[in-house]
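Q: Below you'll find the structure I mean.
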Amino acid sequence: MNLFRLILFFIVIPIPLFSQIQLTDNFEFFEPGSDLHILKLDREVTPQEVPTLLKKFKPGESPNPNLGLSKFSVWVAFKIENLSQRTHYLLDIAYPLLDEVELYDLDKEGNFRSLAHFGSFKNFKERTYQSPNYIFDLNLKPTESKQYFLRVKSSEQIILPIAVGKPDVVWENLWKENILLGLFLGVVLIMAIYNFFLFLSVRDLAYLYYVLYISFLGLTQLGIVGFNFQFLWPTMPGWESVSIVIFACSSSIAVLFFSNQFLNLKKNAPTIRKMLLALLVLFLASFLLLIFGYHQFAFELMQTATSLETIILFIASLYVLKKQYQPARYFFIAWFILLTGALIFLLKDYGILPYNLFTSNSFRLASIVEMALLSFALASRINILKREKEISQANELATSLENERLIREQNVVLEQKVVERTSELTESNESLQATLKHLKEAQSQLVEAEKMASLGQLTAGVAHEINNPINFVTSSVAPLKRDINMIWETLDEVESVALDDELTLSEKQSRIIAYKEEIDLEYLRTEVDFLLKGMSEGANRTAEIVKSLRIFSRVDEDTLKFADINEGLESTMVILNSLIQQGIEVDKNYGELPAIECYAGKLNQVFLNILTNAIYAINKKFQNNPGGILKLETGLTEGESLMYISIADNGIGIPSEIREKIFEPFFTTKDVGEGTGLGMSIAYNTIAKHNGKIVVDSIVGEGTVFKLIIPIRQII
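Here the working numbering is used: the first residue of the sequence shown is 211, the next is one more, and so on.
Structure below.
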């Protein structure tokens, strides 16, 4: 029955005539790449479908078929005939990057039978043989012939370096491979450790990037041959499936930063530097694709970005080398050798070069040479920098010695010039001292002149003020004397009538009444009262003026004393009363002030100067006609620590272009002979001496406000 089914299978589903691999007694090791038949479709093919698709199997075109990338499983068919006496052989697939590898054969009944199923999705220790390669047992009896099928699947490139051989020969070849891998790993470790210690010593970031580059490069190469999965994370198949892309991207990013630092691309090739930084985005995108589970897309993007980076760095090294940047020489040679090794490795994958120990390890051998040359390049760079530093130091030393010589010569010249200039400065200083003395004397004379001018104005005003009441008193003396004489005469007349015994009482009374009417006694009484009252008012006015004068001109003006500011302001107004015409209205608004610590006499001088200018501005505008207003106001401000005196007029005002000049010495807008230009300068200095300030607000044609602000207590 079983024989009938097998015959029926071959009749109904005819199998193409596959090339047959013959195992003889002299057979040791064979790579049947060209004898393989391959089925690659754009869909998943199940084992049950394979017998119906045998006609679609195509012969292999190279010893190591390179099937590229595929989302689906690829089927490989081969037939082996055992013509030897040995019954056990090994099937070795030396490409650990395959995700799944499953071996099938046809049993006697024509059914597909799975012999073994390995892959990176399983723990490494579940494999039959603890080797990074996929190794299967082939058990054939002498003269037996078997049809085998391999199902392979990978998210990365599918390459099938398949070999059939005796177990001892297979293990010997693996041992040779391991020796080369051990050599590669040793070089990576030595270079990484050595250059890391150099980085700790020189603190050059190029060393750190180099260490990261060769470390990730080593992990990438060890991952490609399966050593990472075998020794580092045998129980982490999930990590194994993405580690190659992660390490490859990390290595590419590290060499990108290393090249930028080593070749100084920012200065030597800024455009190429921007291109490399753009590639950084592609590598980061590969990481993101891995995170979201697009492993195959991530692998493709990584391959594309790495290829572009390799070409760009080769061009960059050549470009920088042409600019006579000596460290680029080693870099160019190292990158050229690496490209050569990668090219040999790729030509092997595409069957142009044979698959052997050299071609399969060409990239790793080139990497070893590259790492050594880059290490030499770093050392050369340090030596070049050291030589440049020594040359720079030598130049600086020569420059320093030359400068020292020049300084010594200049010192001699300078000493001579210093002596000459010192003599000139001494003479100039003496001249300046004399000039300063003359200026101080002139300033004192001008200040005294201003004081004398104020004193003259004050004297004229006081004389005018005192003259009025004195004149009234003087003019009242003669009438009062006449009236007093009449009073004395009246007394004499009354006395004579009273002592006349011949007259009766009624006669006496009649005569006295007649005399009173004759001299108009009532008018005399009224006139005497009027004259006495006028003389009293004149005397009081004179006393008031004298008091104001005493308050105004204090003898203690150079000593800080507590004074009544309102009283000082009022005394100044009394003195200036003669200047205030009938057309000027005075509005006083004195606030309640405590005693102010000040130089009272100096402040009265300030009041006098500002009030005089205000009266002048009003008279200038109104020409002695009615309409002038002079406002005086005092009060406290800012938490009662400061007080203010505001003097406002509605005169001609001060133009803005000269407002800042009014406090300058000798500046005046009055006509020649009407002022010295020192009044406001003295006022400004006096207020400054009181730690205060003067605020001026003026509108031309409308008037001016001077606001004096001084502290109540002086801080010395």
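Glycine residues also receive a C-beta, built at the ideal position from the N, C-alpha and C atoms.
How would you call G448, buried or exposed, if buried means at least 16 neighbouring beta carbons within 10 angstroms?
A: By the neighbour-count rule (16 or more Cβ atoms within 10 Å), G448 is not buried but exposed.
Q: How should Q643 be labelled, buried or exposed, when 16 other C-beta atoms within 10 angstroms of its C-beta is the threshold for buried?
A: By the 10 Å Cβ count, Q643 comes out exposed.
Q: Quick one: measure Cβ to Cβ for L818 and T844, integer angstroms, because I've assumed they're closer than 8 angstroms.
A: Contact doesn't hold; Cβ gap of about 16 angstroms is too wide.
Q: Tell me the DSSP secondary structure of M729 in three-state form.
A: According to the sequence as given, residue 729 is Ile; it is not Met. I729: helix per DSSP, three-state reduction.
Q: Straight-line CA distance for K265 to N321?
A: 18 angstroms
Q: For V421, is the classification buried or exposed, using 16 other Cβ atoms within 10 angstroms of its Cβ as the cut-off for buried?
A: V421 comes out buried.
Q: Only counting the same chain, and skipping five residues up and downstream in sequence, which positions put a Cβ closer than 6 angstroms to that of K363?
A: S283, D309 and E310
Q: State the DSSP-derived secondary structure class of D907, mapped to helix, strand or coil.
A: strand
Q: Starting from W285, follow its DSSP beta bridges and name the residues at the other end.
A: L249 and R361
Q: To the nearest angstrom, how far is it from the Cα of D766 to the Cα of F772?
A: A caution first: D766 carries a pLDDT of 45, below 50, which makes its placement in the model too unreliable to give a value.
Q: Report the option in P377, L316 and I368 whose CA atom is closest to the CA atom of F240.
A: Looking at the Cα atoms, P377 is the closest of the given residues.
Q: Using DSSP with H/G/I as helix, E/B as strand and the rest coil, what is F467?
A: helix
Q: Looking only at C-alpha atoms, which of P273, V465 and A827 sits nearest to T569?
A: P273
Q: Let's test the definition: count the other Cβ atoms within 10 Å of the Cβ of Q815 and tell me whether it reaches 16, buried, or not, exposed.
A: buried
Q: Taking the C-alpha atoms as reference points, what is the distance between R323 and L316?
A: 6 angstroms
Q: Quick check on DSSP: helix, strand or coil for T844?
A: strand
Q: Can you give me the Cβ contacts of E732 inside the same chain, cut-off strictly under 7 angstroms, excluding the 5 residues immediately before and after it?
A: Answer for E732: no residue qualifies.
Q: Quick one: what's got a C-beta closer than 6 angstroms to V910's C-beta in the same chain, skipping five residues either side?
A: G863 and P865
Q: A576 and I543 look like a contact to me (Cβ under 8 angstroms); what is the Cβ gap, rounded to whole Å?
A: With a Cβ gap of about 11 angstroms, A576 and I543 do not count as contacting.
Q: Use the C-beta contact count for E312: other C-beta atoms within 10 angstroms, 16 or more gives buried, fewer gives exposed.
A: buried
Q: Whose C-alpha, out of F468, N474 and L393, is nearest the C-alpha of R574?
A: L393
Q: Taking Cβ to Cβ, would you say P306 is nearer than 9 angstroms to P342?
A: yes
Q: Using the three-state DSSP reduction, which class does F586 fall into: helix, strand or coil?
A: helix
Q: I need the DSSP call for T234, collapsed to helix, strand or coil.
A: coil
Q: Can you tell me the Cβ-Cβ gap for L846 and E807, rounded? I've got them flagged as a contact below 8 angstroms.
A: Not quite, the Cβ-Cβ distance comes to about 14 angstroms (not below 8 angstroms), so this is no contact.
Q: Which residues bound the alpha helix (DSSP H) around R483?
A: Here the alpha helix (DSSP H) through R483 covers P480 to I501.
Q: So what does DSSP say about I922, is it helix, strand or coil?
A: coil
Q: Sorry if obvious, but does the Cβ on L370 come closer than 8 angstroms to a heavy atom of the ligand HEM?
A: Among the components of this structure there are no ligands whatsoever, and the ligand HEM is therefore not found.
Q: Give the straight-line distance between the Cα atoms of I828 and N834, rounded to the nearest whole angstrom.
A: 8 angstroms
Q: Name the DSSP beta bridge partners of K356, please?
A: I290
Q: Let me know if E728 comes out buried or exposed under the rule of 16 or more other beta-carbons within 10 Å of its beta-carbon.
A: It is exposed - the Cβ of E728 has fewer than 16 other Cβ atoms within 10 Å.
Q: What are the start and end residues of each continuous alpha helix (DSSP H) run of 4 or more residues lying completely inside the region 796–841, in chain order?
A: 810–832
Q: Thinking C-alpha only, which one of S355, G243, E319 and L251 is nearest T234?
A: S355
Q: Does the contact criterion of 3 or more C-beta pairs under 8 angstroms hold for the region 849–864 versus the region 914–922?
A: yes
Q: Comparing alpha-carbon positions, which option in N292, T262 and D245 lies nearest G270?
A: For G270, the nearest C-alpha among the options comes from D245.
Q: Provide the residue span of the alpha helix (DSSP H) that contains A402, from first to last.
A: P377 to V412
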